[in-house]
Amino acid sequence: MATVFHPPPNRRHAAGRPSQASLWLSMLLVLLGVIGSGCKTYQQQNLSASQHWQQGRFSEAVQEYNDKAKKSSDGKDALIWRLEQATALRSSGQLAESNAAFDAAEALIERYEKAARVRIGQESLAMVSNPANLAYEGRAYDKIMVNTYKALNYLQLHQPDKARVELIRAYNRQQDAVQENRRRLERAGAGSAPEQQQAARAQQDPRFQAQLASTYNDLNRMKVYADYVNPFTVFLDGLFFMYQATGGADLERARKSLERTASFAASNPYIRQDQATLEQMIRGQRLAPITYVIFETGLAPIREQTRIDIPIIVTDVSYIGMAFPKLTPQYTYIPQLQVHASNTTATTSLVASMDSIIGLDFKNELPGVITKTLIAAAAKATASYAINHSSYQADDALGWIARLVTAGYQAAVNIADLRTWTTLPKELQYCRVPTPPDRKIELIVPPASQRILVNLLPGTVNMVYVKSVGPNSPTLVSQFLLK
858 MATVFHPPPN RRHAAGRPSQ ASLWLSMLLV LLGVIGSGCK TYQQQNLSAS QHWQQGRFSE
918 AVQEYNDKAK KSSDGKDALI WRLEQATALR SSGQLAESNA AFDAAEALIE RYEKAARVRI
978 GQESLAMVSN PANLAYEGRA YDKIMVNTYK ALNYLQLHQP DKARVELIRA YNRQQDAVQE
1038 NRRRLERAGA GSAPEQQQAA RAQQDPRFQA QLASTYNDLN RMKVYADYVN PFTVFLDGLF
1098 FMYQATGGAD LERARKSLER TASFAASNPY IRQDQATLEQ MIRGQRLAPI TYVIFETGLA
1158 PIREQTRIDI PIIVTDVSYI GMAFPKLTPQ YTYIPQLQVH ASNTTATTSL VASMDSIIGL
1218 DFKNELPGVI TKTLIAAAAK ATASYAINHS SYQADDALGW IARLVTAGYQ AAVNIADLRT
1278 WTTLPKELQY CRVPTPPDRK IELIVPPASQ RILVNLLPGT VNMVYVKSVG PNSPTLVSQF
1338 LLK
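For the sequence shown, position 21 matches number 878 in our numbering, and the numbering has no gaps at all.
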């Protein structure tokens, strides 16, 4: 952050007692020491574990995420590490341990949701520190995916009653998210009246507006779902209540969920087949054995740091560079999976793009991030100018020390919050095929056309879950029964 300062010509030297500037400098040095240890971005902290994950070294990733979750159990990053840990455990087949980690994550989410007083205090901390020093409280899509993954874990653990509870919770999460976003935007405007005025003026600056448009233009090209709806969660809800129905109410819920899924993934041909199957079941027709293949592929977007110049009018301070988060999609992934069953070959089709789900949440969050960053920048610039001015008034040497200290402080706190759940997939797809008489299907994985033979479990409705992080990582296959 560049700040130009010209010392005033008339200086009064303090004599016999510490100057007010000296006291301010001492306090700022203490604050700098406190926040200095938190200057690494999340991407830097996550680098080693993320590399293990992307390269398919899942056991190493599990170990690192276990360690990070344990070390940060009471810290500001406790929730994000629990989310990463739970996903890694799930992918390694440690389903009970995964749900234990998801339970710990959900307990933190509920604690943050109830602790309004903590949030207010943290917003004040962000004014003098940086947003990455606040506790990570979880985003709407985080909360929905926690319950979705827990439901899948319980299905694989042969506990459908517990899966039912998690799907109901996931539905409620989607309903609550709109109200929570409204509260988040209201909190973003916290700050003194002068700082709010500075932020409002900066928002209207043409240069600032042009940089925003250039930086975030990609958000407007993403596929749009309804606010805070995860189509995969809705789809799973439809399948579960269709095949695990205990009465007419469950079947009606399944119908509505499949209708909603069809509206989100209109080009997916298998959803219409599911709707037809549901109508047959409602009419009492016998269900033919069927196999679903769910394909979780790629990596969710990460957040990277970008600089945008903002106008802060504090005497001789004009434009200063502030750090903002930017969403960066990951494009190294397997785009589709082929399934061969007897004389039938099917290709998985998109049901939910996590890029779009996360992108919409980011877009909704962005106005609050911008407002908070502008208010915080005004507060920090004003405080730095006041300290520098007082220091030069007291003593030349103290003035130069003040410039160094405030410059270091400004650099230390100029960090965007890059925390995001990186072990989520890029896309969720599926297909369905009639279960062959020999109960064998073959998965054909591009680009090398790797073939994986799957011997299906005895049952009427088989679910095969396939996970691929990238073309060069192992393909993980698991299965369970829905009926």
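Don't be surprised by glycine CBs; every beta carbon is placed ideally from N, CA and C.
If I follow the unbroken beta strand (DSSP E) through Pro1291, where does it start and stop?
1284 to 1291
Kindly indicate the opening and closing residues of the beta strand (DSSP E) around Tyr1082.
For Tyr1082, no beta strand (DSSP E) run applies, since DSSP gives it neither H nor E.
For Leu1281, which residues of its own chain have a beta-carbon under 6 Å away from its beta-carbon, when the five flanking residues on both sides are left out?
Same-chain partners within the cutoff: Ala1157, Met1211.
Bridge-paired residues (DSSP) for Ile1159
Thr1185
Taking the Cβ atom as the reference point for each residue, do Thr1205 and Phe1121 lie within a distance shorter than 7 Å?
No; because the gap between Cβ atoms is not below 7 Å, this pair is not in contact.
Look at the alpha carbon of Pro950 and the alpha carbon of Ala918, and state the distance between them as a whole number of angstroms.
In the sequence as displayed, the identity of residue 950 is Gly instead of Pro. Rounded to whole angstroms, Gly950 to Ala918 spans 13 Å at the Cα level.
Can at least three beta-carbon pairs, one atom from the region 1182 to 1201 and one from the region 1087 to 1102, be found at a separation below 8 Å?
no
Run through the DSSP bridge pairs and tell me what Glu1299 is partnered with.
His1197, Leu1310, per the DSSP bridge assignment.
With H, G and I counted as helix, E and B as strand and the rest as coil, what does DSSP make of Asp1018?
helix
Note down the Cα distance separating Ser907 from Leu952, rounded to an integer number of angstroms.
21 Å
Secondary structure of Asp934, DSSP reduced to three states:
coil
Gln1286: buried (16+ other C-beta within 10 angstroms of its C-beta) or exposed?
buried
How far does the beta strand (DSSP E) with Ile1151 in it reach, from first residue to last?
1147 to 1154
On a CA-only basis, which of Arg1021, Ala992, Asn987 is nearest Leu1096? Give me that one, please.
Arg1021
Whole-angstrom distance between Gln1307 and Leu1300, CA atom to CA atom:
8 Å
Is the CB-CB distance between Ile1165 and Gln1066 below 7 Å?
no
What does the alpha-carbon distance come out to for the pair Met1002 and Asp1218?
13 Å
Under the three-state DSSP convention, the category Gln1142 falls into:
coil
Residues in the same chain with beta-carbon distance under 7 Å from Pro1331, minus the five sequence neighbours each way, listed in chain order, please.
Gly913
What does the alpha-carbon distance come out to for the pair Lys1019 and Asn1010?
10 Å
Sorted by chain position, which residues of the same chain lie with C-beta nearer than 8 Å to Glu1116's C-beta, five sequence neighbours on each side aside?
Taken in chain order, the residues that qualify are Gln1132.
How would you label Asn1329, buried or exposed, when you count the other beta carbons within 10 angstroms and need 16 or more for buried?
exposed
Per DSSP, which residues does Ser1325 bridge with? Please list them.
Thr1154
Mapping DSSP to helix, strand and coil, what is Arg1110?
helix
Continuous beta strand (DSSP E) stretch holding Val1334: start and end:
Unbroken beta strand (DSSP E) run through Val1334: 1333 to 1338.
Would you mind reading off the limits of the alpha helix (DSSP H) that contains Ala958?
952 to 971
Can you tell me the Cα-Cα spacing of Leu991 and Ala1273, whole angstroms?
11 Å
Applying the criterion that 16 or more other CB atoms from any shown protein chain within 10 Å of the CB defines a buried residue, is Gly893 buried or exposed?
For Gly893, the predicted model reports a pLDDT of 48, less than 50, meaning its position is unreliable and no value from the coordinates is stated.
Which stretch, first to last residue, makes up the beta strand (DSSP E) that contains Ser1206?
1206 to 1210
Distance check for Gly995 and Gln1055, CA to CA, integer angstroms please.
Rounded to whole angstroms, Gln1055 to Gly995 spans 29 Å at the Cα level.
Does Pro1168 come out as helix, strand or coil in the three-state DSSP assignment?
strand
Boundaries of the alpha helix (DSSP H) in which Tyr1006 is found, first to last residue:
Counting along the chain, the alpha helix (DSSP H) containing Tyr1006 begins and ends at 997 to 1013.
Close-in-space but distant-in-sequence residues of the same chain around Pro1126 (CB under 7 Å, 5 per side omitted):
Ser1206
In whole angstroms, give me the CA-to-CA distance for Thr1317 and Thr1148.
Rounded to whole angstroms, Thr1317 and Thr1148 show a C-alpha spacing of 8 Å.
Give the C-beta separation of Leu1108 and Ile1139 to the nearest angstrom, bearing in mind that I take them to be a contact with Cβ-Cβ under 8 Å.
6 Å
Straight-line CA distance for Pro1303 to His1197?
Put simply, the backbone Cα of Pro1303 is about 14 Å away from that of His1197.
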